[in-house]
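**Student:**
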Amino acid sequence: MNARYAIVIVGLVASSPVVAENLKADAARRFVMGKFFEFSCFDGSRGAGRIYGDGSVIGTIQIHGTGPVQSVSLPSGTLRIKREAICASLERMPIQPCFSVNKVDDQRFRGSVSGLDFAYRDFSRRTSVVTRSRTLPQQLSLNPAVR
């Protein structure tokens, strides 16, 4: 189950340069916060989701692009700004992966686990989507106090 969470996190946040502008952590947070993105991964996985300002994530993933689409919900504080990176904190994971975000244009970015350029996800912003109800406000900020 933790492997799925790690895949989703890599999928919902992170990457190597495409053409674009490498965003620092605060700029990346502003670019993705509260917005809905579809993603596709180098390994064929695909999905969609929203990263909330409190560091939580709600979305779906289809591992390797086959089989059932699975719902995923990661709790508040999962994604955090640490120095100039966005990092994921998951219980029972021995490492805390960090991500780089490269803006392709106003609607797209590529993300990858820092230091692993081959492990990337391409994200496309979608503006029309039906989302599940949430009790947390959508316009908070990733926890900048954790640096």
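Taking the working numbering, the leading residue of the sequence shown gets 242, the next gets one more, and so forth.
We put the CB at the ideal spot given by N, CA and C, even for glycine.
What did DSSP end up calling alanine 268 once you bin it into helix, strand or coil?
**Tutor:** In the structure shown, alanine 268 sits in a helix (DSSP, three-state: H, G or I).
**Student:** Can you list, in chain order, the residues of its chain whose CB lies under 8 Å from that of alanine 289, leaving out five sequence neighbours each side?
**Tutor:** Phe277, Phe278, Glu279, Phe280, Gly300, Thr301, Arg367, Val370
**Student:** Going by other Cβ atoms of all chains shown within 10 Å of its Cβ, with 16 needed for buried, is isoleucine 292 buried or exposed?
**Tutor:** buried
**Student:** Rounded to a whole number of angstroms, what is the C-alpha to C-alpha distance between lysine 265 and cysteine 282?
**Tutor:** 22 Å
**Student:** Between Ser365, Ser355, Phe364, which has its C-alpha nearest isoleucine 336's C-alpha?
**Tutor:** Ser355
**Student:** Between which two residues does the beta strand (DSSP E) containing alanine 326 stretch?
**Tutor:** 326-329
**Student:** Who does lysine 344 pair with in a DSSP beta bridge?
**Tutor:** Per DSSP, Glu262, Phe350.
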